[in-house]
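Enquirer:
Protein chains: 2
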Amino acid sequence: MTKKWIYMFEEGNAQMRNLLGGKGAGLAEMARIGLPVPPGFTITTEACKEYYAKGRQFPEGLEEQVREYMKRLEEKTGKKFGDPNNPLLVSVRSGAPISMPGMMDTILNLGLNDQTVEGLARLTSNPRFAYDSYRRFIQMFSDIVLKVPREEFEKILEKYKKIEGVKYDAELSVEALKKIVEEYKELVKKHTGRDFPQDPWEQLYMAIRAVFESWNNPRAIVYRRYNNIPDDLGTAVNIQTMVFGNMGWDSGTGVAFTRNPSTGEKKLYGEYLPNAQGEDVVAGIRTPKKIEEMKEEFPEIYEQLVKVAELLEKHFKDMQDIEFTVERGKLYLLQTRTGKRTPKAAVKIAVDMVKEGLISKEEAIMRVTPEQLEKLLHKQVDPNAPKKLIARGLPASPGAAVGKVVFSPDEAAELGAKGESVILVRPETTPEDVHGMYASKGILTSRGGMTSHAAVVARGAGIPAVVGCEAIEIDLEKEEFRVGDIVVKKGDVITIDGGTGEVFLGKVPLIEPKISGEVYELLSWADEIRVIGVRANADTPEDAKRALEYGAEGIGLARTEHMFLGPERVKIVREMVLARTPEERKKALEKLIPLQKEDFKELLKVMDGKPVIIRLLDPPLHEFLPRYEQLIKEIYDLMYKLRDAKDTTEAARILDDLEERRKLLRRLEELREANPMLGLRVCRLGIVFPEIYEAQIRAMFMAVAELLKEGYNPKLEIMIPGTIDKRELMAIKETSEKVREEIEKEYGVKISYMYGTMIEMPRAALLADQIAEVAEFFSFGTNDLTQTTLGISRDDAQKSFLGVYVKKKILPVDPFKTIDKEGLGRLIKQAIELGRKTRPDLEIGVCGEHGGDPESIEFFTSVGVDYVSASPYRVPIARLAAAQAAIKLGLKKSKEN
Amino acid sequence: MTKKWIYMFEEGNAQMRNLLGGKGAGLAEMARIGLPVPPGFTITTEACKEYYAKGRQFPEGLEEQVREYMKRLEEKTGKKFGDPNNPLLVSVRSGAPISMPGMMDTILNLGLNDQTVEGLARLTSNPRFAYDSYRRFIQMFSDIVLKVPREEFEKILEKYKKIEGVKYDAELSVEALKKIVEEYKELVKKHTGRDFPQDPWEQLYMAIRAVFESWNNPRAIVYRRYNNIPDDLGTAVNIQTMVFGNMGWDSGTGVAFTRNPSTGEKKLYGEYLPNAQGEDVVAGIRTPKKIEEMKEEFPEIYEQLVKVAELLEKHFKDMQDIEFTVERGKLYLLQTRTGKRTPKAAVKIAVDMVKEGLISKEEAIMRVTPEQLEKLLHKQVDPNAPKKLIARGLPASPGAAVGKVVFSPDEAAELGAKGESVILVRPETTPEDVHGMYASKGILTSRGGMTSHAAVVARGAGIPAVVGCEAIEIDLEKEEFRVGDIVVKKGDVITIDGGTGEVFLGKVPLIEPKISGEVYELLSWADEIRVIGVRANADTPEDAKRALEYGAEGIGLARTEHMFLGPERVKIVREMVLARTPEERKKALEKLIPLQKEDFKELLKVMDGKPVIIRLLDPPLHEFLPRYEQLIKEIYDLMYKLRDAKDTTEAARILDDLEERRKLLRRLEELREANPMLGLRVCRLGIVFPEIYEAQIRAMFMAVAELLKEGYNPKLEIMIPGTIDKRELMAIKETSEKVREEIEKEYGVKISYMYGTMIEMPRAALLADQIAEVAEFFSFGTNDLTQTTLGISRDDAQKSFLGVYVKKKILPVDPFKTIDKEGLGRLIKQAIELGRKTRPDLEIGVCGEHGGDPESIEFFTSVGVDYVSASPYRVPIARLAAAQAAIKLGLKKSKEN
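So this is what it looks like as structure tokens:
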């Protein structure tokens, strides 16, 4: 007994996705629920895996099973494979467990040869159709299976179109098509050295093999890598009776989404082409018609389609993307699958479906990925900015983008990798172009519709795209495009708006999006569901305001050093750094206190009533001095100049300059360190130069006192950076308490505040039980904690070895993007347990950049932190991700939270 | 009922050290076993603590108890305190639970006044003695209690010695002494504004208070800090009937050690002064006689002393340091305590006492501190080197030292703190000088004997010292000393040998000590007792040989980068670093392989049959290039030169130079890092540049293969530095196995080796269970693990904040000296448990510098490491410390070990 490698459609169902692939499972399910699906069967993904396991050999018994199931098809259809009198023709399509649109190959009309084509012509009384099908089949089969260059077939086709003076393939005469077939076969013989295979069985086996092979073609591999799809899933092969959309003008083919994949609107959306086969639509070669036009051209079919859409959505509880063919007035469904959608549509559909009672809020939240939400929060063209509109195409993928025009996908990939913003401009795109598309900020094509390759890929990747922009004439050789008189050359900057289809010349200012409508609704559900809080990292009142708009519940990290950097402050700060005694330092600090006080006051005012964690000075003092290399260079340059000084006045001036720089250099030489990351920074500054922290704490309490007197409700949390021992916390707390008493007396108010620390050195995590004796809150500074725990300096590593490590799979991901759950995760978990053992109500947060990373947020939720803090822009993403984490982990919000 | 503040000597015993102090407990014990101790009592340390607790007030009831116990003394002696007819005189001495020699104050002859001195004269028929005692008492009491400057008394004394033309105090006439007494009293009145106290009770209470106060005098505080003695122990006060060594030429006083404290020889050793009181000996003012001379001068007393010594040693089971006084032919013991000794004596005494059956091997091992052993392994003067002997003094503290001559203790302290080697040269030393003594490499005095202050302190601190070197004339004002015609000025270099008493002009080469005799024996016992192994960190065959001599059982760390630094190799290494492709790098590496192979071969040959851990390349590659700052400077200098070039030939040469440096600079700019400690180093080098590690591994296996063919038994352990993930180990292991197979084939031998890793990043420790899946051994690289776990860059921190941290007690000790047991200790413990869970026979070692630190060794023993590895010089110390750790922890060696 050999294994069962094949299932008839009606043997399967939607749950068998892994075995039958997405397409096969969809067809099976449709067949099961009685929708009009042309008969067929699916070769399982197991067969594909076995094919590779056996070194690219068909699994045992596969050929026999194919023959057996073909026989069943013959029985069902009454046709016979290879029989010139009543030939059975089939399509052979790939179908992986996870959708990879346009990535895999498909062969239609298989079974045609010099004899069956005649039979088909006789049976349909339509020789034009028969020979058109045959030439399509030869073209496809030769391209995919025999690897004969596609362009050569196109050349022959174009030649005959010119001869006959017609625009569309469908207008060619039978004679022309027969000649084309002959020329095609000669072309094949020339390229492969043998005749085009006439045996339908040989055709079938070769096609199955080609589908198996297509699983590992380069573009499939790239797609999988980009989308994190495992390489070992394999693809199924679907073999299905052909139905023909190109059997005349009462036939046609199309694709439809049950809702608008761009806006999410609940209305059948799609395109069709009369008298055409499916690949004409997908390839974007002929511009198809809008599905609404079917209401007039095919009114009954349209009605039928609307009903099918409703049935499918009820059945699958999600928006479906269907392929259909009309053969002589009869509707056939060829595929259904969960439809790709824009981020905007994803949110709207999810929210609408909750309201329609189709899905729960939790399901809705799981339907929108954090990446989609991120895309949705992409920038938009500023409506009030002056701009020069030069063209308008189809709004294929929303969002606005500014970038340099590039015409080659390779160049786009190259420049994109360097961090340049480019807009890829192409007549149309093919799967070979994806590497360049992914690297671009935006995509602009002159041909193709809303379901063209460019549109589908761009939407999937969330890259703004305008397609079918027929007004632009692209000259790939000259690397430029024209719109009327305007010439845009490679390197010129344009702006596109994928939400409106507009193309602007030059750089148009972009604006930040607002959160409203369905996004607001979805996020408010997320807030109901998530079990951890979301705060923002914000240093300025502007940041704080944006954070509030984006739903932050407090500030998890306000960095005081950023307040040291205003132009008028740098001078004072430098004075403080150059100070050699505590007295000198105090003098400089006294000038800083009122400035910092105002900063703190504004921040606390904006966040009134919400917690604000302010961190004491963190970076090494030498960061406030010029860079060493710069200083050395300046000194040497001045020394040159001194030699060439014209007169003593100039020499004296240069000498003054020199002296000032030498002074800076001397201090810098004292302060600079071999490893500043592990040096005199964080709270070590507060231990070695206590007056600095004292001044900052004074400014904070002054701000709080003034706000209290003004009737506000400031909630200050003072955070000590980089602790390694509770004694550091104790020493600084002593200062803090002393200053608080002074300020309370001075202002006549009572100040309450929380006192806590960042956990960013392994020792602090190891001694969390002791640290928690003093700290009322922890905030994991996961950036630095990653650096110290893994012994990796972020900036250095990213340029030298971290890429190699991820590429060689020594680390699964960049640990600065997603928290190192495996290693660092153990330490964090342990620290949380130790900390809570000492202080059960210890407030625990995360303020590293991981606080905005969905995967990391799931980890933090699982170990029980109280909140994450992210940059304002990532706050909505954190809210969604936190809700998804709670759902995945099965956690429910406690009432008190 | 008030507390019992006082114990008669016969009420106490040796176990009551904490309550009665060392001296009090010793006197009590001697009294208890019937030795001739003058009657007396002890005021407890509790009383002293209560004195401070009450704000420097006598505890309640203390005065009454003093009166009561004085009455008991009167009863025992038949004398009466303050009675001119038969006056009771007492000494008042301090005595802390831990010996602090010379640090505390003592008052003798208390009870004398204008009346009782007359009585004493009458009773003894010796007015000279009576008045000498009285003037001594006034001098001491005024100095210690009334704070009248000592020098002023000396001036008066000297004046009368000149008038009477005598050399010694004892030769002064009664008339002179009476006048001295009068002048002393006037001096006191002038300084204090009141008469010298005549009431014996007032004298007594003032003296007790002064002893309490002396606990917190500056030199006592310094001594405690240096010796890690807690500040809250308090001192006891011993009040004892006076006996008089200055009652004539049949009297005397002395100190004796039951064995020679310098050599350990079992023979009474000490000094005495006839017709003198104790402080004459201790202060080193009169040069005393050797105790052997008593055989002739006081034959019976000498016999008695020898018997007392034997009795005391049997009783205390340790070498004793006794003070005695002979009063008119009768021996009195005033003190016994465990004798301070040189490291050499410590070892000899410990070993001898085992052989004598007095103590066990374990006790012997606990008797020698690692610090003593370290001192013992101090350098010696090279006997074969040319040298200029300029003087010879007493060999007071063994070991040789080279340094600049300094005459001021303050200056010695200052220079010593800067790391300069200085020899402190003084006429004699006093307790005020200790800070300068501790900071010196050696001490040279022109006066004083083997038990003078200088000698005692130097021996205790293990500082080489030559004392009583009368040939040198010191001029403190001119800051120079003379020996005959030779003038040695401040800053001139001399060499002293504290083992021979020799003083040499200039720098004499020093040599490393050998381990032999008792040290060898003691260490062999340590080897029997310790439960962990001791290996050495050694990079060269020379190091390895020394390590073997010092008892290393293998090499725990051989750093391959040190092999990259030979002069002819730097060029090849630089070629490797500058390489831009693997091919270029391989070319350079091919030249290095034969060189490294020879290095490895030599090392393995020396260590034949013993394990040798060789670590793959560790430092960042830029360490092999010139320093950035240096290069920039050179380039700028060349640019100057270029402008001034005389002709085109010179310009061309300069341009060539410039180009070469620019090339170096470019590569350096690519390679240099913001935090090299956390950068592209350790096994990251092996992942990014696999050819480097492959070359090193090849060289190792070639060495092993050649040795096998030559009949040796090489035991190679390959160590991967800086792992953070098992996948690193797996990747490098793959290379290693591939190379092994190649070499095995090539040489026709079978190679076995161990494969393991350093644990020096927290992540490796956290994932020790996973790491142990691949690693057969761990070696904790505690230097780097301390840096990463505490987030402290060693070099940076030592200059900036680590000192402040230790001073402010935020960290208890420098974590780079003694392992941070509290924080890092948790991580290490956890890593060991995790590692052994995966691989029960995992070999675990330590190769950071902590491997040679006794306190750290105790920690490592407690957590179950298999061995520590230390620098060759510290191997003996590690052997001893490991044995002591096993004893303290109650661990026994398993038979198999």
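Respectively, the protein sequence lines represent chains W and R. Counted the way my numbering counts, the first sequence spans residues 20 to 916. Counted the way my numbering counts, the second sequence spans residues 20 to 916. The beta-carbon is built from N, C-alpha and C at its ideal position, and this holds for glycine as well.
#1: Helix, strand or coil for residue 915(W)? Go by DSSP, reduced to three states.
#2: At the 8 Å Cβ level, is residue 806(R) part of the contact set with chain W, yes or no?
#3: Run through chain W and tell me which residues come within less than 7 Å of residue 106(R), C-beta to C-beta.
#4: Mind checking if residue 755(R) is an interface residue toward chain W, Cβ cutoff 8 Å exclusive?
#5: Between 540(R), 234(R), 147(R), 196(R), which has its C-alpha nearest residue 75(R)'s C-alpha?
#6: Taking 8 Å as the cut-off, decide whether the C-beta atoms of residue 918(W) and residue 374(W) are in contact.
#7: DSSP on residue 574(W), reduced to helix/strand/coil?
#8: Where does residue 392(R) fall in DSSP's three states?
#9: Quick one: grab the DSSP three-state call for residue 556(W).
#10: Name, please, each residue of chain B whose Cβ falls closer than 9 Å to the Cβ of residue 814(R).
#11: Would residue 800(W) and residue 779(W) be called neighbours here (beta carbons separated by less than 8 Å)?
#12: Would you give the residue range spanned by the alpha helix (DSSP H) that residue 880(R) belongs to?
#13: Is it true that the CB of residue 796(R) sits closer than 8 Å to the CB of residue 841(R)?
#14: At 7 Å on the CB atoms, spell out the chain R contacts of residue 809(W), in chain order.
#15: Going by the DSSP bridge assignment, what does residue 521(W) pair with across the sheet?
#16: Are any of the Cβ atoms in chain W nearer than 8 Å to that of residue 596(R)?
#17: Count the C-beta pairs between the segment 896-905 of chain W and the segment 388-399 of chain W that are closer than 8 Å, then say yes if the count reaches three, no if not.
#18: Taking the alpha carbon of residue 964(R) as the point to measure from, which residue in 115(R), 108(R), 158(R), 127(R) has its own alpha carbon closest?
#19: Below 8 Å between beta carbons: does that hold for residue 100(W) and residue 89(W)?
#20: Using the C-alpha atoms, what's the distance from residue 787(R) back to residue 759(R)?
#21: Measure the C-alpha to C-alpha separation of residue 749(R) and residue 793(R) and round it to an integer number of angstroms.
#22: Tell me whether the beta-carbon of residue 677(R) lies closer than 8 Å to the beta-carbon of residue 670(R).
#23: Just to confirm, is the Cβ distance from residue 354(W) to residue 40(W) under 8 Å?
#24: How would you call residue 530(R), buried or exposed, if buried means at least 16 neighbouring beta carbons within 10 angstroms?
#25: Nearest by alpha-carbon distance to residue 542(W): which of 893(W), 284(W), 239(W) is it?
#26: If you drop the 5 nearest sequence neighbours on each side, which residues of the same chain put their C-beta closer than 6 Å to that of residue 848(W)?
#27: Identify the contact partners of residue 829(R) in chain W, using a Cβ-Cβ distance below 8 Å as the criterion.
#28: Where does residue 740(W) sit, in a helix, a strand or coil, going by DSSP?
#29: Give the secondary structure of residue 453(R) by DSSP, where H, G and I count as helix, E and B as strand, and everything else as coil.
#30: Mind checking whether residue 473(W) and residue 415(W) have CB atoms under 8 Å apart?
#31: Return the bridge partner residues of residue 357(R) from the DSSP annotation.
#32: Between residue 651(R) and chain W, is the shortest Cβ-Cβ distance under 8 Å, so that the two count as touching?
#33: Classify residue 772(W) as helix, strand or coil using the three-state DSSP reduction.
#34: Using DSSP bridges, identify the partner residues of residue 260(R).
#35: Which residue or residues does DSSP assign as beta-bridge partners of residue 425(W)?
#36: So, with DSSP's three-state summary, where would you put residue 37(W)?
Expert: So, from the data block:
#1: For this step, residue 915(W) is matched to residue 896 along the first sequence. Here the model assigns residue 915(W) a pLDDT of 48, short of 50, so the residue's position is not dependable, and the following value carries that caveat. Coil.
#2: Locating residue 806(R) in the second sequence gives position 787, counting from the first residue. Yes - at least one Cβ of chain W is within 8 Å of the one on residue 806(R).
#3: For this step, residue 106(R) is matched to residue 87 along the second sequence. Those within 7 Å of residue 106(R) in chain W number zero; the least Cβ separation is about 56 Å.
#4: In the second sequence, residue 755(R) corresponds to position 736, counting from 1. Residue 755(R) does not count as touching chain W.
#5: As a first step, residue 75(R) is located in the second sequence; it is residue number 56 there, counting from the start. Measuring from the Cα of residue 75(R), the nearest candidate turns out to be 234(R).
#6: Given that chain W is displayed from residue 20 to residue 916, the structure contains no residue 918(W) and the question cannot be resolved.
#7: Translated into positions along the first sequence, residue 574(W) becomes position 555. When DSSP states are grouped into helix, strand and coil, residue 574(W) belongs to the strand group.
#8: On the second sequence, position 373 is the one that residue 392(R) refers to. If DSSP states are grouped into helix, strand and coil, residue 392(R) belongs with the helices.
#9: Counted from its first residue, the first sequence places residue 556(W) at position 537. Strand.
#10: No chain B is part of this structure, whose protein chains are labelled W and R.
#11: Here the question's residue 800(W) lines up with position 781 in the first sequence. Here the question's residue 779(W) lines up with position 760 in the first sequence. Going by C-beta atoms, residue 800(W) is nearer than 8 Å to residue 779(W).
#12: In the second sequence, counting from the first residue as 1, residue 880(R) sits at position 861. Counted as a single uninterrupted DSSP element, the alpha helix (DSSP H) harbouring residue 880(R) occupies residues 873-882.
#13: If you number the second sequence from 1, residue 841(R) lands on position 822. If you number the second sequence from 1, residue 796(R) lands on position 777. Their beta carbons are not under 8 Å apart, which means residue 841(R) does not touch residue 796(R) by this criterion.
#14: On the first sequence, position 790 is the one that residue 809(W) refers to. Within chain R, the C-beta atoms nearer than 7 Å to that of residue 809(W) come from 743, 780, 782, in chain order.
#15: Counting from one through the first sequence, the residue named residue 521(W) turns up at place 502. The partner list for residue 521(W) (beta bridge, DSSP) reads 411(W), 516(W).
#16: The residue given as residue 596(R) occupies position 577 in the second sequence. Chain W has no Cβ within less than 8 Å of the Cβ of residue 596(R).
#17: Counting Cβ pairs under 8 Å, three or more are found: they touch.
#18: Limits of chain R in this structure are 20 at one end and 916 at the other, which puts residue 964(R) out of reach.
#19: The residue labelled residue 100(W) in the question sits at position 81 within the first sequence. The residue labelled residue 89(W) in the question sits at position 70 within the first sequence. In this structure, residue 89(W) lies closer than 8 Å to residue 100(W) by Cβ.
#20: Locating residue 759(R) in the second sequence gives position 740, counting from the first residue. Locating residue 787(R) in the second sequence gives position 768, counting from the first residue. Each residue's alpha carbon lies about 26 Å from the other.
#21: Taking the first residue of the second sequence as position 1, residue 749(R) is located at position 730. Taking the first residue of the second sequence as position 1, residue 793(R) is located at position 774. Annotation: residue 749(R) to residue 793(R) spans about 7 Å, alpha carbon to alpha carbon.
#22: For this step, residue 677(R) is matched to residue 658 along the second sequence. For this step, residue 670(R) is matched to residue 651 along the second sequence. Their beta carbons are not under 8 Å apart, which means residue 677(R) does not touch residue 670(R) by this criterion.
#23: The residue you call residue 354(W) lines up with position 335 of the first sequence. The residue you call residue 40(W) lines up with position 21 of the first sequence. No, these two residues do not count as a Cβ contact at 8 Å.
#24: Within the second sequence, residue 530(R) is the residue found at index 511, counting from 1. Residue burial annotation: residue 530(R) is exposed, with fewer than 16 other C-beta atoms found within 10 angstroms of its C-beta.
#25: As a working mapping, residue 542(W) is identified with position 523 in the first sequence. For residue 542(W), the nearest C-alpha among the options comes from 893(W).
#26: Here residue 848(W) is taken as the residue at index 829 of the first sequence, counted from 1. Result list for residue 848(W): 882, in chain order.
#27: As a first step, residue 829(R) must be located in the second sequence, where it is residue number 810. Residues of chain W passing the Cβ test: 706, 744, 746, 747, 750.
#28: In the first sequence, residue 740(W) corresponds to position 721, counting from 1. The three-state secondary structure of residue 740(W), taken from DSSP, is coil.
#29: Locating residue 453(R) in the second sequence gives position 434, counting from the first residue. The DSSP-derived three-state label of residue 453(R) is helix.
#30: To locate residue 473(W), count along the first sequence from 1; it is residue 454. To locate residue 415(W), count along the first sequence from 1; it is residue 396. The answer is yes: Cβ separation under 8 Å.
#31: Residue numbering aside, residue 357(R) sits at position 338 when the second sequence is read from its first letter. According to DSSP, residue 357(R) bridges with 339(R).
#32: Counting from one through the second sequence, the residue named residue 651(R) turns up at place 632. Under the Cβ distance rule, residue 651(R) counts among the residues neighbouring chain W, one pair being separated by less than 8 Å.
#33: As a working note, residue 772(W) is residue 753 in the first sequence. When DSSP states are grouped into helix, strand and coil, residue 772(W) belongs to the coil group.
#34: The residue labelled residue 260(R) in the question sits at position 241 within the second sequence. DSSP lists 109(R) as the beta-bridge partner residues of residue 260(R).
#35: Within the first sequence, the letter at position 406 stands for residue 425(W). 443(W), per the DSSP bridge assignment.
#36: Indexing the first sequence from 1 puts residue 37(W) at position 18. Three-state result, residue 37(W): helix.
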